Amino acid sequence: MIHKLNTYIDHTDLSPDASTDDIVRLCEEAKEHHFAAVCVNPVWVKTAAQQLKGSDVAVCSVVGFPSGAHKSEVKVAEAQLALDEGADELDTVINIAALKAADHEGVRADIEPLAQLAHENGAILKVILEVALLSDEEIERASRWAAEFGADYIKTSTGMLKGENSGATVAAVELMRDSVDPQIGIKAAGGIRDRATAEAMIEAGATRLGTSSSISFIEED
1 MIHKLNTYID
11 HTDLSPDAST
21 DDIVRLCEEA
31 KEHHFAAVCV
41 NPVWVKTAAQ
51 QLKGSDVAVC
61 SVVGFPSGAH
71 KSEVKVAEAQ
81 LALDEGADEL
91 DTVINIAALK
101 AADHEGVRAD
111 IEPLAQLAHE
121 NGAILKVILE
131 VALLSDEEIE
141 RASRWAAEFG
151 ADYIKTSTGM
161 LKGENSGATV
171 AAVELMRDSV
181 DPQIGIKAAG
191 GIRDRATAEA
201 MIEAGATRLG
211 TSSSISFIEE
221 D
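Residues in the sequence shown are numbered consecutively from 1, following the working numbering.
Laid out in structure tokens, this is it:
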């Protein structure tokens, strides 16, 4: 059994109908269990930052979510707003079309400005690959390029796709881990609903876990 599982978790609520009460509850749970971060939609960054002020829990905002099919300038503007309102971490969805076209400079233009902005503001950048849409070769390419262009973490999935293997898989996490240097973090997200799955992802190389089901299994520690 992996102990201190709480330190791996980004306690997440990316529901489009999440309420103020839902986000406050998310933050209270994160403080109680000392999770690594809460991950919320941009409209909730300010609320989360207020709720978590003085705690050891980071605030993470998604960017270009969930499709990644936003112009770079839009992603940068969204990221700047999130940072201004208190985000410590940014989870951005890669330009999937550019990646699949093997457009090196297009992917650079998508990620590099966000990495620079995050680092200038003392924040970290995680790049979501959406592995269910990618071949093994594309996962390897996405992982290498994201690291090359300044990502601190690479992340499996948005959790928004439906269907079999639509979220994180052990195979994808292993492939991502093997594709980048050890200092690059790996975040597994999507479909992590029990402790056994969470521990399997960590054993495969994940250093963060994104899940909305944290409370259901964290109390087993």
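Where a beta carbon is used, it is the ideal one built from N, C-alpha and C, also for glycine.
Everything numeric in this text was worked out from a predicted model, so none of it was measured.
Spatial distance of residue i from residue j (CA atoms)
i, j, result
"Val131", "Val173", "9 Å"
"Gly191", "Ser135", "19 Å"
"Asp194", "Gly122", "32 Å"
"Val180", "Ser216", "32 Å"
"Thr197", "Thr20", "30 Å"
"Ile218", "Leu5", "7 Å"
"Ala115", "Gly150", "5 Å"
"Val107", "Ala69", "12 Å"
"Lys75", "Glu203", "33 Å"
"Glu105", "Ile96", "13 Å"
"Arg25", "Glu137", "40 Å"
"Lys46", "Glu29", "17 Å"
"Thr7", "Ala109", "32 Å"
"Leu161", "Ala79", "23 Å"
"Glu148", "Ile124", "15 Å"
"Pro42", "Gly64", "10 Å"
"Ile184", "Asp91", "14 Å"
"Met176", "Pro182", "11 Å"
"Gly205", "Cys27", "27 Å"
"Ser67", "Asp103", "17 Å"
Counted within 10 angstroms of its Cβ, other Cβ atoms place residue i as buried (16 or more) or exposed
i, result
"Thr158", "buried"
"Ile111", "buried"
"Ile23", "buried"
"His3", "exposed"
"Gly163", "exposed"
"Glu120", "exposed"
"Ala82", "buried"
"Gly54", "exposed"
"Glu89", "buried"
Sub-9 Å separation of residue i and residue j beta-carbons
i, j, result
"Asp152", "Ala98", "no"
"Val127", "Ala146", "yes"
"Trp44", "Ala18", "yes"
"Ala37", "Ile9", "yes"
"Thr156", "Ala189", "yes"
"Ile139", "Ile186", "no"
"Thr12", "Thr207", "no"
Candidates the options, of which the one nearest residue i by Cα
i, options, result
"His34", "Asp56, Ala49, Val40 and Asp194", "Asp56"
"Arg141", "Ile94, Glu199 and Leu52", "Ile94"
"Ser224", "Phe217, Leu125 and Ser213", "A query on residue 224 cannot be resolved here, the shown segment of the chain reaching from 1 to 221 and no further."
"Ala168", "Gln50, Asp178 and Leu129", "Leu129"
"Leu52", "Pro113, Glu85 and Leu209", "Glu85"
"Pro113", "Ser72, Glu148 and Leu90", "Ser72"
"Gln50", "Arg208, Ala87, Arg144 and Ile124", "Ala87"
"Val170", "Glu32, Leu209 and Pro66", "Leu209"
"Leu40", "Ser143, Cys60 and Gly54", "The residue asked about is misnamed: residue 40 is Val in this sequence, not Leu. Considering only alpha carbons, the answer is Cys60."
"Asp178", "Thr211, Ser166, Arg144 and Lys31", "Arg144"
"Ser166", "Gln183, Asp103, Leu133 and Leu175", "Leu133"
"Ala58", "Lys31, Ser67, Gly64 and Gln183", "Lys31"
DSSP beta-bridge partners of residue i
i, result
"Arg208", "Lys187"
"Thr13", "Reading off the sequence shown, one finds Asp at residue 13, where the question assumed Thr. In the DSSP output, where bridge partners are listed per residue, Asp13 has Val40."
"Ile154", "Val127 and Ile186"
"Cys60", "Cys39 and Glu89"
heavy atom of the ligand NAP below 8 Å from residue i C-beta
i, result
"Ala97", "Among the components modelled here there is no ligand, and therefore nothing to report on the ligand NAP."
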